[in-house]
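Under the working numbering, read the sequence shown as residues 3 to 386, first letter to last.
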Amino acid sequence: MPNAENTISRRLEALINQGEMQRDPAQLAIAARLDRLSTDLAASRASRKSNALGWLFASKRDQRPPIKGVYLYGGVGRGKTMLMDLFFDTVPIARKRRAHFHEFMAEVQDRIFKHRQKLKSGETKDADPMPPVAADIYAEARLLCFDEFSVTDIADAMILSRLFGELFKRGCVLVATSNVEPGDLYRDGLNRALFLPFVDLLRAHADVVPLDTETDYRLEKTSGLPVWSSPLNEASRKALDASWTKATLGLHPGPVDLTLKGRTIHIPAAAGDCARFSFADLCARPLGANDYLTILSHYRVIFIDDIPLLSADRRNETKRFIMLVDTIYDRGARLFATADARPEELLIVRRGTEGFEFDRTVSRLIELQSSEYAGAHAANAKKS
3 MPNAENTISR RLEALINQGE MQRDPAQLAI AARLDRLSTD LAASRASRKS NALGWLFASK
63 RDQRPPIKGV YLYGGVGRGK TMLMDLFFDT VPIARKRRAH FHEFMAEVQD RIFKHRQKLK
123 SGETKDADPM PPVAADIYAE ARLLCFDEFS VTDIADAMIL SRLFGELFKR GCVLVATSNV
183 EPGDLYRDGL NRALFLPFVD LLRAHADVVP LDTETDYRLE KTSGLPVWSS PLNEASRKAL
243 DASWTKATLG LHPGPVDLTL KGRTIHIPAA AGDCARFSFA DLCARPLGAN DYLTILSHYR
303 VIFIDDIPLL SADRRNETKR FIMLVDTIYD RGARLFATAD ARPEELLIVR RGTEGFEFDR
363 TVSRLIELQS SEYAGAHAAN AKKS
């Protein structure tokens, strides 16, 4: 059973009492619903473990009503991801997985492809890939938590009903966040009539819960934090660590791998809508505009450690840094960093086109530190 002290409601109350968050009745109501789900999952797990002869009573077990998940939807920045992350952090079961929905579906398509390859080679005789794919997913995780649930790809839309039909049949529980209610998923998509059975399936297996709040918590949790800390020393690193702890609301960060056209983009630490990198992670590796766009489509608050002075021998890193700052700025995201110098002192040699481009970067880095940017740009951040 869940620890009474380690529930989402208790965690939220602690954050409110510490002044890290405002009291929001809508968030607290959803926290209570997620706490009930956590209790149900823990009780179900305990029941299965205590029944040593469970296989003898499978028919009785199957008669128990399935546990309903939660589909949480609402506007950008209302705290959906934070609530789901707190749920994932506190739910006391081992077989659980948290993923961005598009990454999960890319993996499913890959599993289907591999199954068909096995069928061609004679390694399996199962012509239908969906049952074994769903069985493998369920064996890895009974609880699936998806951030940013949206459907834009026709290939995904056409298989969702069958995939989740198999998963729900096995007892899989879904918790998801989305900007839209289920009836608006895949709106105006090709062959949408074939997708609609999934909407009915989703409503049958998850409570659809709106998050009705007017506050944009992306702005609340990062307001007043030091944005640019220099030079590089223990004090600046401690300042960034403190900002990271506040922005992530004490969630436990972990590494994440994003997939872009068959390549993997590694996120060393992520929690909620925050991601943290070193300068080398982002600018010393061969990343391009699409990589940065992919990162910014998943994370709205970017932390960068150890930005060095940009000397002539760091020309490639400088070009990537310019591109990265442009992407952060254009997406209306937030940036927090430690650096060897103030923005206007970072580039050691200013000449030619690169010098002009970096002047723009300096201007944007300075604007990124302003309260006006935090209010005007982040509140209207574009979503992919």
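Glycine included, each C-beta is placed from N, C-alpha and C at the ideal position.
Item: For G256, name the three-state secondary structure that DSSP assigns.; Value: strand
Item: Do you know offhand how far K321's Cα is from M23's?; Value: 38 angstroms
Item: Measure the CB-CB distance between Q29 and G81 and report whether it falls below 7 angstroms.; Value: yes
Item: So, are the CB atoms of L387 and D361 less than 7 angstroms apart?; Value: Residue 387 lies beyond the residue range present for the chain, which begins at 3 and ends at 386; the question has no answer from this structure.
Item: Measure the alpha-carbon distance for Q119 versus M132 and round it to whole angstroms.; Value: 14 angstroms
Item: G290: buried (16+ other C-beta within 10 angstroms of its C-beta) or exposed?; Value: exposed
Item: Using three-state DSSP, classify G77 as helix, strand or coil.; Value: coil
Item: With distances taken from CA atoms, which of G173, L295, A272 and E319 is nearest D42?; Value: G173
Item: Can the beta-carbon of S180 be found less than 7 angstroms from the beta-carbon of F200?; Value: no
Item: Measuring only the C-alpha atoms, how far is Y375 from I95?; Value: 41 angstroms
Item: Spell out the partners DSSP gives R336 in its beta bridges.; Value: V303
Item: Between I387 and L337, which are expected to be in contact by the criterion C-beta below 8 angstroms, what is the C-beta distance as a whole number of angstroms?; Value: Nothing in the structure corresponds to residue 387, since the chain is present only between 3 and 386.
Item: When the distance is taken between beta carbons, is L39 closer than 7 angstroms to V211?; Value: no
Item: Closer than 7 angstroms by C-beta to L295: which residues in its own chain qualify, once you throw out the five before and the five after it? Chain order, please.; Value: T329
Item: From which residue to which residue does the beta strand (DSSP E) around L145 run?; Value: L145 to D149
Item: Could you check whether the stretch 164–172 touches the stretch 138–149, counting it as contact only if at least three pairs of C-beta atoms, one from each stretch, sit closer than 8 angstroms?; Value: yes
Item: Report the CB separation of D308 from L234 in whole angstroms; it is logged as a contact under 8 angstroms.; Value: 6 angstroms
Item: Distance, Cα to Cα, G77 vs D26?; Value: 15 angstroms
Item: Report the partner residues of H268 according to the DSSP bridge assignment.; Value: D259
Item: Could you tell me the alpha carbon to alpha carbon distance between S386 and R333, rounded to whole angstroms?; Value: The pLDDT assigned to S386 is 37, lower than 50, so where the model puts this residue is not dependable; a value taken from the coordinates is nonetheless given after this. One C-alpha to the other measures close to 9 angstroms.
Item: Going by CA-CA distance only, name the one from A277, A314, T363 and M107 that's closest to L324.; Value: Reading the sequence as shown, one finds Ile at residue 324 and not Leu. Out of A277, A314, T363 and M107, T363 has the C-alpha closest to the C-alpha of I324.
Item: What separation, rounded to the nearest whole angstrom, lies between the Cα atoms of I10 and L213?; Value: 16 angstroms
Item: From the DSSP output, in three-state form, read off R344 for me.; Value: coil
Item: For M160 and S280, I'd like the C-alpha separation in whole angstroms.; Value: 40 angstroms
Item: Taking the alpha-carbon positions, what's the H254 to A273 distance?; Value: 7 angstroms
Item: Tell me whether A54 sits in a helix, a strand or coil according to DSSP, three-state version.; Value: Note that A54 scores 47 on pLDDT, short of 50, meaning its location in the model is unreliable and no value can be drawn from it.
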